[in-house]
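A.B. asks: Numbering (the numbering used here), first residue to last: 71 to 375. Glycine included, C-beta positions come from ideal geometry on N, C-alpha and C. None of these values were measured; they are calculated from a predicted model. If you scroll down you'll find the structure; I have some questions about it.
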């Protein structure tokens, strides 16, 4: 039996750890679902931790791969649980769309070094499904359409969530990339699935994107998606930039603590970006799962407080 967790620092609560170790961190970032919210309700100790951070003026942000809801909508959902959170304290995977024009200038085809060009203001992006209300892409100033008849005049595709005709839209997307193999495929939420309201599995934007990529690969075309959410760099880079901008000081990455419940998203992303990482055992990850994982956090909390 593997005993990796025997040497992993484990604490009863994050709030208790913070009371003793506050000087060790300059800022905190949190996943939302499974951490601050558990089954739609405020997690044990979440209010205590938020009040502590506000009282001590410790910088923090909440990160989410939920590109289906705007930060206004997400904050409203959280407030309904009894936890006071404001839209400006949330960073969504889809917020990475704000940086897309800059990133596109550096985007090269990995296959042959060709430059597919920069994003323009006149050509639209085709959006598959929801991207929040207000729409993240429109908030970023992007020209967009959901009209399948216009897909071939688009410069790229953004994969959102839910509420669209999968058969027609995925077929159209595949054929779009057959015609334009170097066009960008933007995926705010990299997750292949997410839990539904009754605990059932729902296919996420990442799952749809990988399905499209696999079909094209079988056909002989390689498309490399641009993933914006955890565990990929854009959402962490955006959050780090916001932390330093909002609080007016440099914040070393190794003094930012990311607390999440998902190894392959929260923890892997934090480690790759250079942050401290902690698992809280109120979400999807158990100690047994950690024992079998090659990716381990710096510490474990049984609850937030």
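Less than 9 Å between the C-beta atoms of residue 128 and residue 97, yes or no?
C.D. replies: As a position in the chain shown, residue 128 is number 58, starting the count at 1. As a position in the chain shown, residue 97 is number 27, starting the count at 1. Yes, the pair counts as a contact, with Cβ atoms nearer than the cut-off.
A.B. asks: Note down the Cα distance separating residue 105 from residue 288, rounded to an integer number of angstroms.
C.D. replies: For the purposes of this step, residue 105 is taken as residue 35 along the chain shown, with counting starting at 1. For the purposes of this step, residue 288 is taken as residue 218 along the chain shown, with counting starting at 1. So the alpha carbons of these two residues sit roughly 39 Å apart.
A.B. asks: Determine the extent of the beta strand (DSSP E) in which residue 361 is found, giving its start and end residues.
C.D. replies: Within the chain shown, the letter at position 291 stands for residue 361. Careful: residue 361 lies outside any beta strand (DSSP E), inside the alpha helix (DSSP H) at 357-362.
A.B. asks: Tell me whether residue 76, by its Cβ, gets closer than 8 Å to a heavy atom of the ligand FAD.
C.D. replies: As for the ligand FAD, it is missing from this structure, which has no ligand bound.
A.B. asks: What would DSSP say about residue 76, mapped onto helix, strand or coil?
C.D. replies: The residue labelled residue 76 in the question sits at position 6 within the chain shown. In this structure, residue 76 counts as helix in the three-state DSSP scheme.
A.B. asks: Using 8 Å for Cβ pairs, my map puts residue 345 next to residue 326. What's the rounded Cβ distance?
C.D. replies: Locating residue 345 in the chain shown gives position 275, where the first residue counts as 1. Locating residue 326 in the chain shown gives position 256, where the first residue counts as 1. With 8 Å as the limit, residue 345 and residue 326 qualify as a contact, their Cβ atoms being about 5 Å apart.
A.B. asks: Identify which residue in 308, 292 and 290 has its Cα closest to the Cα of residue 298.
C.D. replies: Locating residue 298 in the chain shown gives position 228, counting from the first residue. Measuring from the Cα of residue 298, the nearest candidate turns out to be 308.
A.B. asks: Does the distance from the C-beta atom of residue 221 to that of residue 214 stay below 9 Å?
C.D. replies: Numbered from 1 along the chain shown, position 151 holds the residue referred to as residue 221. Numbered from 1 along the chain shown, position 144 holds the residue referred to as residue 214. Contact: no.
A.B. asks: Give the straight-line distance between the Cα atoms of residue 373 and residue 200, rounded to the nearest whole angstrom.
C.D. replies: Locating residue 373 in the chain shown gives position 303, counting from the first residue. Locating residue 200 in the chain shown gives position 130, counting from the first residue. Near 33 Å, if we compare the C-alpha coordinates of residue 200 and residue 373.
A.B. asks: How is the beta strand (DSSP E) around residue 373 delimited, first residue to last?
C.D. replies: Counted from its first residue, the chain shown places residue 373 at position 303. Looking at the DSSP string, the run of the beta strand (DSSP E) that includes residue 373 is 369-373.
A.B. asks: Relative to the C-alpha of residue 234, which residue among 217, 206 and 131 is closest?
C.D. replies: For the purposes of this step, residue 234 is taken as residue 164 along the chain shown, with counting starting at 1. Nearest C-alpha to residue 234: 217.
A.B. asks: When the Cα of residue 153 is compared with those of 119, 207 and 300, which residue comes out closest?
C.D. replies: Counting from one through the chain shown, the residue named residue 153 turns up at place 83. Of the candidates 119, 207 and 300, the one whose C-alpha sits nearest the C-alpha of residue 153 is 119.
A.B. asks: Does the contact criterion of 3 or more C-beta pairs under 8 Å hold for the segment 303-317 versus the segment 124-144?
C.D. replies: In short, these stretches touch, since the Cβ pair count reaches three.
A.B. asks: What separation, rounded to the nearest whole angstrom, lies between the Cα atoms of residue 170 and residue 237?
C.D. replies: In the chain shown, residue 170 corresponds to position 100, counting from 1. In the chain shown, residue 237 corresponds to position 167, counting from 1. Each residue's Cα considered, the two are about 28 Å apart.
A.B. asks: For a test of the three-state rule: what should DSSP assign to residue 350, helix, strand or coil?
C.D. replies: To locate residue 350, count along the chain shown from 1; it is residue 280. In the structure shown, residue 350 sits in a strand (DSSP, three-state: E or B).
A.B. asks: Can you tell me which of the three DSSP states residue 229 falls into?
C.D. replies: As a first step, residue 229 is located in the chain shown; it is residue number 159 there, counting from the start. It is a strand residue.
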